[in-house]
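Down below is the structure, laid out as structure tokens.
Numbering (the numbering used here), first residue to last: 31 to 182.
Spelled out as structure tokens, the structure:
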């Protein structure tokens, strides 16, 4: 691991976020260099539920000076990943969709809240709402998960 990512990786998980699935997700997130480079912070980690926040930086904006949709998607996808990894089986995305509702700009803080809607056998459906610092909806994301035979 490079020195420039050690600090963001160390800060990625808020100690207050520790819950039943936290050991599994903590291990996953400690290796998540993408989340660390984006400055994502896991605020809550419960089985089937996660809250992750991100402060929008200047380098996350597009040519219109608004937050690039890919960064909003990455935030929502990370909350989804934490929520769907509820047990020792590695669970990954089978697909996802996002609807962008409101633009944001550098300096704003976005928060993604992921909630399990259904889980049956190896598959699951999770909804993620992304809001700005005023609680205004920014995006709605739906992720479809599939559990693998791999374990942590």
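Glycine included, each C-beta is placed from N, C-alpha and C at the ideal position.
Using the C-alpha atoms, what's the distance from residue 111 back to residue 121? 8 Å
Return the chain-ordered list of same chain residues with a C-beta closer than 7 Å to the C-beta of residue 20, the five sequence neighbours on each side being excluded. With the chain represented from 31 up to 182, any question about residue 20 goes unanswered, as that position is not in the structure.
With the cut-off set at 8 Å, would you say residue 90 and residue 136 are in Cβ contact? Yes, Cβ-Cβ distance for residue 90 and residue 136 is below 8 Å.
Assuming residue 133 contacts residue 97 under a Cβ cut-off of 8 Å, what Cβ separation, rounded to an integer in Å, is found between them? 7 Å
Quick one: what does DSSP say residue 177 is sitting in, helix, strand or coil? When DSSP states are grouped into helix, strand and coil, residue 177 belongs to the strand group.
For residue 149 versus residue 176, is the C-beta spacing smaller than 8 Å? No, the Cβ-Cβ distance between residue 149 and residue 176 is not below 8 Å.
Go ahead and pull the three-state DSSP assignment for residue 149. strand
Count the other CB atoms within 10 Å of the CB of residue 116; is the residue buried (16 or more) or exposed (fewer)? buried
So residue 102 is in the alpha helix (DSSP H); what residue range does that whole segment cover? 99-114 is the extent of the alpha helix (DSSP H) around residue 102.
Report the residue from 130, 172, 105 whose alpha carbon sits nearest the alpha carbon of residue 62. 105
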